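First residue of the sequence shown: 83, per my numbering; consecutive thereafter. Glycine is no exception: its CB is placed at the ideal position from the N, C-alpha and C atoms. Computed from a prediction, not measured in an experiment: that's the story for all the values here.
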Amino acid sequence: MLPGFLARAVELLLGREGRSLHLKAAGGATALLGAVMLAGSWAVVAAEQDALRANLRTYPQALWWSIETATTVGYGDFYPVTFGGRVIGAVVMVVGITTYGMVTAALATWFVGREQQRRHHLALHARELGEETVHALHERFDRLERMMAGNGERK
Numbered sequence: 083m084l085p086g087f088l089a090r091a092v093e094l095l096l097g098r099e100g101r102s103l104h105l106k107a108a109g110g111a112t113a114l115l116g117a118v119m120l121a122g123s124w125a126v127v128a129a130e131q132d133a134l135r136a137n138l139r140t141y142p143q144a145l146w147w148s149i150e151t152a153t154t155v156g157y158g159d160f161y162p163v164t165f166g167g168r169v170i171g172a173v174v175m176v177v178g179i180t181t182y183g184m185v186t187a188a189l190a191t192w193f194v195g196r197e198q199q200r201r202h203h204l205a206l207h208a209r210e211l212g213e214e215t216v217h218a219l220h221e222r223f224d225r226l227e228r229m230m231a232g233n234g235e236r237k
């Protein structure tokens, strides 16, 4: 069940043809982060299992630790004590920081793009409105000129 869910989640994040490059990159980074957190949790338990003073002994503890580490929360309740565990922690940290930075940048780009589209539509609408106004003014001036020319002939 879980591998099918993961495959669908990755397809959802990466598979849209019309998505922009920054959204695809953020989706790919998120999928990579999920894989690194799952694999890192397993690897840190393997690295820490025989260490003295180790507190990452079960997969659920390690999964919680990887979430804390990737999000840079770091409550300090779980932490690796071996060199291998700390290297795994550094990888989880770097991938987490990078992913959240990419997702934040993608959201910011999306908001800026929406605002630029809104301003572009407003500018087009203003230009059309201006052209309509100029056309209406020309018609009025033409009508006034005809009226004045017509009044001048009557005298």
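Across the set V216, R135, E150, A113, the C-alpha of E150 shows the shortest separation from the C-alpha of S123.
For the pair of segments examined, the stretch 100–111 was found to touch the stretch 184–198: the number of CB pairs separated by less than 8 Å reaches three. Secondary structure note for S148: its alpha helix (DSSP H) is the uninterrupted segment 141–152.
If you draw a 10 Å sphere on the C-beta of V176, you find fewer than 16 other C-beta atoms in it, and that means exposed. Taking A128 as reference, the option from T112, E197, I170, L219 with the minimal CA-CA separation is I170. Each residue's CA atom was taken as its position, placing S102 and A172 some 30 Å apart.
Counting of Cβ neighbours within 10 angstroms places F160 among the buried residues, the total reaching 16 or more. By the C-beta density criterion, L206 is exposed, having fewer than 16 other C-beta atoms within 10 angstroms. In the DSSP assignment, T164 falls outside any alpha helix (DSSP H) and carries neither an H nor an E.
If you ignore the 5 residues before and after L204, its C-beta comes within less than 8 Å of no other C-beta in its own chain. Our two residues, P85 and N137, have alpha carbons roughly 29 Å apart in a direct line.
In the structure shown, Y182 adopts helical secondary structure according to DSSP, grouped into three states. One alpha carbon belongs to H217, the other to D224, and they sit about 11 Å apart. One Cα belongs to P142, the other to Q198, and the distance between them is close to 45 Å. Leaving aside the five residues that flank V126 on each side, the residues in its chain whose CB is nearer than 6 Å to its CB run, in chain order, L138, A144, P162, G167, I170. Exposure of M230 is indicated by the presence of fewer than 16 other C-beta atoms within 10 angstroms of its C-beta.
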